[in-house]
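Enquirer:
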Amino acid sequence: MECLLEQNVDTIFGYPGGTIINLYDELYRYKDKIHHILTSHEQGASHAADGYARATGKVGVCFATSGPGATNITTGIATAYLDSSPVVFITCNVGESLLGKDAFQEVDITGIAMPITKATFLVRDPEEIPDAMRQAFAIAQSGRPGPVLVDFLKNVTNPDVMIDYEFIPADNNRDCSAIRKLATDSAMSAPEIDTEDVEKLLDMIAEAKRPFLICGGGVVRDRADKEFREFAEKIDAPVAITLMGGGGFPGDHPLTSGMIGMHGSEASNIACDECDLLIAVGSRFSDRVALNPKTFAKQAKIVQIDIDRAEIDKNVLTDHHIIGSAGKVLSMLNAKLPQYKHTEWKEHILPLREPSKAPDLGRFTPQQILETIRNTAPKDAVVSTDVGQHQMWAIKYLHFRYPGQLLTSGGFGTMGFGMGAAIGAAVGCPDKCVLNITGDGCLRMNCNELATVQHYDLPIVTIVFNNGALGMVRQWQDLIYDKRYSETTMDRGPDFVKLAEAYGLKGYRVENVEEMQATLKEALAEGKACVIDCLLDINEMVSPMVAAGHDITDFLLREGGSVG
Amino acid sequence: MKQTISVIVENRAGVLSKITSLFSKRAFNIESLAVGVTDDPTLSRITIIVDSGNSVVEQVEKQLNKLVDVVKVRVLNEHSIIGRELLLIKVNATVTTRPDIMTICEICGAKIADITANTLTIELSAESDKVASFEEMMRPFGIMETARTGMIALQKGAAKI
């Protein structure tokens, strides 16, 4: 506990159990210093710790017991790993004498978590506790952030065990032996930014006629939105965001061209195809962005700015790269960058953007819901999403303004992430309005956490895009699998309004835009948690769409939904 | 193309499986692997041989560098290394064939490790291709069993990783 206080931890998400009982016993003594949020399920706790980390920029902490408790958090660990979110997961295992004997609730969680963490620690000696904790927190936050798992054997947590311990606050622990040891390690050492690399990029920018920028998750993670904005405005180039880059560049900025990739805007995808210089900041060119890495930005010199050397040339071969944190590299560039003007290029690309006003199609559309949210909810409302069509619509039609405003599972694509993440955000940012945008399929996955929302009185507004189907998979089946809707129709309960009521929350059903406007206003005015069930047509699709592996302008669906 | 990767790691439980999982995760096959403690007992050296393209090895090298337990990684140039494998081989050896076998051993620099009335167990430390050709030379006598280590390697000259 003292080790957690060292790291300024005041909030923990978790679920107790037999092996972690000693930690919870100690937590009882620290109740006034550390706030513990008890979720309905360990997976919910893992997503909440992740959402807390993403929304606040601090390290999230999640407790779980051994065995099933530990395996239940693995989806949360992988979600945090793929999106580089700093979370320290703490589990307890059986005692030393039982280790490896298939004891009750024993599982090799450090082995299971190995490929989905930055590092794992199995603490078998009480003397190792302070160093393991200091290293775990340092690793989780340093360089490219990510999850770390610390597994304590039960005997290590025994209250009778006493160790030599000195409280060293986290911001003053640079000299303690555990951290010094890490600092010599490649995983920890912050990369020195090469000034020659920076100069070379400045020359490339000077030569470029059609520059194009991609704002990736690295900008968000490094909270480098101001630096990125200055960079973009000085170059005067269209800016696309990736899913993880949402919030890194203002969604209503005149230079924004929308998301890029599979469901990227026509403006962004065409700009990518036609530009002569592409600068990606904190983006790893995932297969959902660079659908076909061979033809990606084929006319352009590609430049990658990333903190993780292993990302350079992993998916797309680049012409130049700079290793370093987004904020530092961009500040160095900004200091030397003159003001450019690329009026002709901008006038070619930016008008391709879809007008942001929802058209009247004679039915209740996802765009109308999101337009209502955009116009009604506070501009700084934190938005969590689940995964699927509603996620793509949310990023397309909402305007994110600051890092940490959008919480979404981009890399791992975890259905059921949104509710947990919203809980984390509501706990971490109590002064902000939190919206959880979800679908009917996703809400079914983790709706048990509505109990947590109710108990802690977290004013989360859950908006369900209910089309009675697993819409994104159905969309693929519609376009690519000859309308064979195999197991994607969700013609079943529960009634989400009644479900909300069963959890002691208010539920609303909404079937048109007028009801939506009235309901959202009412819900926000009440300032209480609620569920708004929005009934949509089962055939709604996300457009544009480019099929996996195809060229980025090979649209299956065009902007507005016409077949490409 | 065969490439040799030399990795210095913390001598701790679980480190080897972390390293090998980096390969298996990408479905790369490891041709040979040798692990042993170094002159510093807290560190181990892992020598890995893979048959993969340059980009694959480069990616694995970068990923290895990110692991907390990895101290140093170097992809060794095949022309500038001293590489050795150890072979233990048990062959049929009667009174009539024994002199022939011993002549071959002498030529190849192999040593007799054990002898019985009907067998010889021989040890040979050499480069991979020499070990392979020695094994071929033994085949006509009847190989009963072999054990072969992965290659271990150091850079030629004064250089160290």
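For the record, the sequence lines run as chains X and B.
Just so you know, we're using our numbering here: the first sequence kicks off at 1 and counts up by one.
Just so you know, we're using our numbering here: the second sequence kicks off at 565 and counts up by one.
Glycine is no exception: its CB is placed at the ideal position from the N, C-alpha and C atoms.
Source: prediction; values computed, not measured.
With a threshold of 8 Å between beta carbons, is P145 of chain X in contact with chain B?
Expert: Not an interface residue.
Enquirer: CB L330 of chain X to CB F228 of chain X, shorter than 8 Å?
Expert: In contact: L330 of chain X and F228 of chain X (Cβ atoms closer than 8 Å).
Enquirer: Does any residue of chain D bring its CB to less than 8 Å from the CB of K314 of chain X?
Expert: Here chain D cannot be found, since the structure's protein chains are X and B.
Enquirer: Using a Cβ cut-off of 8 Å (strictly closer), state whether P115 of chain X contacts chain B.
Expert: So yes, P115 of chain X belongs to the interface.
Enquirer: Below 9 Å on C-beta distance, what does K589 of chain B contact in chain X?
Expert: Here the neighbours are P115.
Enquirer: Mind checking who S689 of chain B pairs with in its DSSP beta bridge?
Expert: DSSP lists B:L650 as partners of S689 of chain B.
Enquirer: Mind pulling the chain B residues with CB within less than 7 Å of A119 of chain X?
Expert: Chain B residues near A119 of chain X: V632.
Enquirer: Among X:T452, X:P16 and X:S84, which has the Cα closest to the Cα of N72 of chain X?
Expert: The shortest C-alpha separation from N72 of chain X is found at X:P16.
Enquirer: Can you tell me which residues form a DSSP beta bridge with P211 of chain X?
Expert: Paired residue(s): X:L277.
Enquirer: At the 8 Å Cβ level, is I139 of chain X part of the contact set with chain B, yes or no?
Expert: Chain B, which has a Cβ nearer than 8 Å to the Cβ of I139 of chain X, makes this yes.
Enquirer: DSSP on S486 of chain X, reduced to helix/strand/coil?
Expert: Residue state, collapsed to three classes: coil.
Enquirer: Please go through the region 351-416 of chain X and give each complete alpha helix (DSSP H) segment of 4 or more residues, from N-terminal end onward.
Expert: You should have 366-376 and 389-397.
Enquirer: Find out if the Cβ-Cβ distance for the pair A394 of chain X, I437 of chain X is shorter than 8 Å.
Expert: Yes.
Enquirer: By DSSP, does V88 of chain X sit in helix, in strand, or in coil?
Expert: Residue state, collapsed to three classes: strand.
Enquirer: Is the CB-CB distance between V148 of chain X and V88 of chain X below 8 Å?
Expert: Result yes, Cβ atoms of V148 of chain X and V88 of chain X sit closer than 8 Å.
Enquirer: Can you tell me which of the three DSSP states N629 of chain B falls into?
Expert: It is helical.
Enquirer: Within 10 angstroms of its Cβ, does V634 of chain B collect 16 or more other Cβ (buried), or is it exposed?
Expert: The residue is buried, with at least 16 neighbouring Cβ atoms inside 10 Å.
Enquirer: Got a sec, what are the start and stop residues for the alpha helix (DSSP H) T242 of chain X sits in?
Expert: Taken as a continuous stretch (DSSP letters only), T242 of chain X belongs to no alpha helix (DSSP H), as it is neither H nor E.
Enquirer: Buried or exposed: which applies to A64 of chain X, given that a residue is buried once 16 or more other Cβ atoms fall within 10 Å of its Cβ?
Expert: So A64 of chain X ends up on the buried side.
Enquirer: Rounded to the nearest angstrom, how far is the Cβ of A297 of chain X from that of L278 of chain X, given a contact under 8 Å?
Expert: At roughly 4 Å, the Cβ-Cβ gap stays under 8 Å, so A297 of chain X and L278 of chain X are in contact.
Enquirer: What are the residues in the region 90-110 of chain X lying within 8 Å of chain B by C-beta distance?
Expert: Against chain B - using a Cβ distance shorter than 8 Å - the residues of the region 90-110 of chain X are T110.
Enquirer: Note down, one range per segment and in chain order, each alpha helix (DSSP H) of at least 4 residues found wholly within the region 453-519 of chain X.
Expert: Segments of the alpha helix (DSSP H) lying fully in the region 453-519 of chain X: 471-479 and 496-502.
Enquirer: So which residues on chain B does R309 of chain X lean against when the C-beta distance must stay under 9 Å?
Expert: Near R309 of chain X (Cβ distances below 9 Å), the residues of chain B are K626, N629 and K630.
Enquirer: For V123 of chain X versus V150 of chain X, is the C-beta distance shorter than 8 Å?
Expert: In this structure, V150 of chain X lies closer than 8 Å to V123 of chain X by Cβ.
Enquirer: Once the 5 residues before and after K636 of chain B are set aside, which same chain residues still bring their CB inside 6 Å of it?
Expert: Same-chain partners within the cutoff: I572 and I725.
Enquirer: Please state the DSSP three-state secondary structure of G60 of chain X.
Expert: G60 of chain X falls in the strand class under three-state DSSP.
Enquirer: Could you pull out every residue in the same chain whose Cβ sits closer than 6 Å to the Cβ of A80 of chain X, ignoring the five residues on either side in sequence?
Expert: Cβ neighbours of A80 of chain X beyond the five flanking positions: D50, V87 and P147.
Enquirer: Could you pull the start and end residues of the alpha helix (DSSP H) that D171 of chain X belongs to?
Expert: Where D171 of chain X is concerned, there is no enclosing alpha helix (DSSP H), given that its DSSP letter is neither H nor E.
Enquirer: Reducing DSSP to helix, strand and coil, say where A335 of chain X ends up.
Expert: Helix, per DSSP.
Enquirer: For S585 of chain B and chain X, any beta-carbon pair shorter than 8 Å?
Expert: It does: the Cβ of S585 of chain B has a partner Cβ on chain X nearer than 8 Å.
Enquirer: According to the neighbour-count rule (16 or more other Cβ atoms, all chains shown, within 10 Å of its Cβ), is S177 of chain X buried or exposed?
Expert: With fewer than 16 other Cβ atoms within 10 Å, it is exposed.
Enquirer: Using only CA atoms, which one of X:L435, X:N466, X:A421 and X:I373 lies nearest to N446 of chain X?
Expert: Closest by alpha carbon: X:A421.
Enquirer: In three-state DSSP terms, what is C672 of chain B?
Expert: Three-state DSSP puts C672 of chain B in a helix.
Enquirer: Once the 5 residues before and after N22 of chain X are set aside, which same chain residues still bring their CB inside 8 Å of it?
Expert: Cβ neighbours of N22 of chain X beyond the five flanking positions: C92, K154, T157, N158 and P159.
Enquirer: From which residue to which residue does the alpha helix (DSSP H) around F228 of chain X run?
Expert: Unbroken alpha helix (DSSP H) run through F228 of chain X: D225 to I235.
Enquirer: Checking contacts by CB at 8 Å: is Q719 of chain B closer than that to chain X?
Expert: Closer than 8 Å: no.
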